[in-house]
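Following the working numbering, the numbering of the sequence shown begins with 656 at its first residue and continues without gaps.
Just so it is clear, CB atoms sit at the ideal spot from N, CA and C, and this is done for glycine as well.
In this text the structure is predicted, and so the values were computed from the model without any measurement.
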Amino acid sequence: MLAMNFRGPRRVRIDEKPEPEILHPQDAVVRVTRSCICGSDLHLYNGSVPDTRVGMTFGHEITGVVEEVGSEVRNLKTGDEVLVPFNIACGKCVFCQQEMYGNCHESNPEATAVGGIYGYSHTAGGYDGGQAEYVRVPYADVGPTIIPTGMDLDDAVMLTDVVPTGYQAAEMGGIQPGDTVVVFGAGPVGIMAARCAWLFGAGRVIVIDHLEYRLEFVKNYAPAEVYNYKELGDVVVFLKKTTDWLGADVCIDAVGAEATGRVMQTLLGKQLHLMGGAATALQWAINSVRKGGIVSIVGVYGPIGTLVPIGNIVNKGLTLRGNQASVKRLLPRLIEHVQNGILDPKALITHRIPLEEVSDAYRMFSAKLDNCIKPVLIPPSAVR
Ligand SMILES: NC(=O)c1ccc[n+]([C@@H]2O[C@H](COP(=O)([O-])OP(=O)(O)OC[C@H]3O[C@@H](n4cnc5c(N)ncnc54)[C@H](O)[C@@H]3O)[C@@H](O)[C@H]2O)c1
Ligand SMILES: [Zn+2]
Ligand SMILES: [Zn+2]
């Protein structure tokens, strides 16, 4: 089959690979119909995630058709059309029982923090991902969800990560009616977080980025007040000034390790790899939230230590919340929101790219060329 193949930092290509097989009675094999590239893939692409092995296939935002199921699979059958949450979860461990599907204790033998994730290095279990014609889906009775009749595949694929992650970012912010919410990052995740902030009762939503085309999009889509941090001088002072010098009630980090904007963070986090990424947006979030406020972190960072202003967290009495989104927990509500037109996730998809052009797709998304917001890869075998 055709599959994306990681050859080393900033080098990915399309290759022939053996088709996946059922390795465990609870596995399924899915023929992929859509597979997105995510901001999270850029951490892998840029070489920021430890133990990202040459030969791995990335891709954790997947829709497809069930091709084959293992002997213990009860909820799926050949021919079912499914969306596959990015988390690989056993459904039974102490964390899955609490619906913390992003923190499954069984699916990732390599770590005690995150659970398994498709195509996300051996620190997330070493599973090959879905930027391919076929993918092996472990614990097939737990994650994969039948795509409701009539749902657009582009909406379905956005429900595997971007929609739940944006929603959970707003949820973890503990937004109270009338709150001022600042979202750092106008990528797909930040855009969705800004949109969802209103669902929790925000009174004012501000989005910060430096890419004008993304700010323009989220201004209309969320809708939100938008600012280009390059034009603000000191971002933190600006945000204090516009909130009566108190600070925002809730700040959301939807940027993570690839942040730009501060030389020292970029040098230590991205160029020398001495930290788990550049924590510029997180630093701005901590410094521009009000005393007693909440910082919600969905931006992804590596496992090693990262420079954050811990003194300000203590002295301002902040609450920090973060996690990988628990996709399965949120799906029932979010499927309804899409069906009722409350959320329109497919509007974020700007590029539909043949899987064969995966290396160009990464280059474009990474460099934010051609006004790209969200690219989706379509394998040649993807006939619905
Ligand atoms: N927690 C989860 O479950 C989860 C799921 C999906 C993605 N993520 C993470 O969310 C983050 C965003 O993902 P995405 O797909 O939207 O990525 P993306 O790369 O498309 O978007 C990131 C945006 O941040 C902007 N940015 C960079 N530095 C900034 C700064 N200092 N202040 C404000 N904006 C800045 C960039 O210009 C870009 O528009 C990534 O770190 C990704 O790994 C987390
Ligand atoms: Zn993703
Ligand atoms: Zn589990």
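Query                                                                                                                                                                   : Result
Taking just the CA atoms, how far does V873 sit from V892?                                                                                                              : 23 Å
Can you tell me whether T804 is buried or exposed? The criterion is at least 16 other CB atoms within 10 Å of its CB, across all chains shown.                          : exposed
Taking the DSSP output, what are the residues bridged to G916?                                                                                                          : G916 pairs with nothing; no bridge assigned.
Kindly indicate which three-state DSSP category D904 falls into: helix, strand or coil?                                                                                 : strand
Just verifying my parser: in three-state terms, what is the DSSP assignment at S762?                                                                                    : coil
Between the Cα of K895 and those of P1009, V836, R850, V737, spot the shortest distance and give me the residue it belongs to.                                          : V836
Excluding the five sequence neighbours on either side, which residues of its own chain have a C-beta within less than 6 Å of the C-beta of T820, listed in chain order? : V844, V953, A980
Go ahead and pull the three-state DSSP assignment for H1040.                                                                                                            : The structure shown has nothing for residue 1040, since the chain only spans 656 to 1039.
What is the rounded straight-line gap between the Cα of F855 and the Cα of K885?                                                                                        : 29 Å
For P664, count neighbouring C-beta atoms within 10 Å of its own C-beta (all shown protein chains included) and say buried if the count is 16 or more, exposed if not.  : exposed
Can you list, in chain order, the residues of its chain with a C-beta nearer than 6 Å to that of I949? Leave out the 5 residues immediately preceding and following it. : G828, G829, V905, T974
Of the residues L657, G719, T707, which one's Cα is nearest the Cα of A811?                                                                                             : G719
Out of F1020, M1019, S1036, V993, which one is the CA nearest neighbour of M806?                                                                                        : V993
Taking the alpha helix (DSSP H) that K874 falls in, what are its first and last residues?                                                                               : 867–876
Measure the CB-CB distance between I692 and P1009 and report whether it falls below 7 Å.                                                                                : no
Give the secondary structure of T886 by DSSP, where H, G and I count as helix, E and B as strand, and everything else as coil.                                          : At residue 886 the sequence reads Glu, which differs from the Thr that was named. E886 falls in the helix class under three-state DSSP.
Taking only heavy atoms of ligand 2 into account, decide whether any of them is closer than 6 Å to the Cβ of E716.                                                      : yes
For V818, collect the residues of the same chain with a Cβ closer than 7 Å to its Cβ; drop the 5 residues on either side in sequence, then sort them by chain order.    : M847, L989, L998, P1000
I'd like the span of the alpha helix (DSSP H) that includes L986, first residue to last.                                                                                : 982–994
Can you check the segment 704–786 for any beta strand (DSSP E) of at least 3 residues that lies completely inside it and give the ranges in chain order?                : 717–724, 736–739
Using the Cα positions of I1034 and V1013, report the straight-line distance between them to the nearest angstrom.                                                      : It is worth fixing the name first, because residue 1034 is Pro in this sequence and not Ile. Approximately 10 Å between the Cα atoms of the pair.
Identify which residue in M755, I1004, N875, L1032 has its Cα closest to the Cα of N1026.                                                                               : I1004
Would Q786 and G714 be called neighbours here (beta carbons separated by less than 7 Å)?                                                                                : yes
If you draw a straight line from the alpha carbon of L887 to that of D1015, how long is it in whole angstroms?                                                          : 33 Å
Tell me whether S695 counts as near ligand 2, meaning its Cβ is closer than 6 Å to at least one heavy atom of that ligand.                                              : yes
What number of angstroms, rounded off, separates the C-alpha of E913 from the C-alpha of P764?                                                                          : 26 Å
Pull up the DSSP beta-bridge partners for N1026, would you.                                                                                                             : None, per the DSSP bridge assignment.
Compute every distance between the C-beta of L986 and the non-hydrogen atoms of ligand 1, then say whether any falls below 6 Å.                                         : no
Out of curiosity, what's the CA-to-CA distance linking K1023 and G725?                                                                                                  : 40 Å
Quick one: does the C-beta of V862 sit closer than 6 Å to a heavy atom of ligand 1?                                                                                     : no
In the DSSP assignment, the alpha helix (DSSP H) including E788 goes from what residue to what residue?                                                                 : No alpha helix (DSSP H) holds E788; DSSP gives it neither H nor E.
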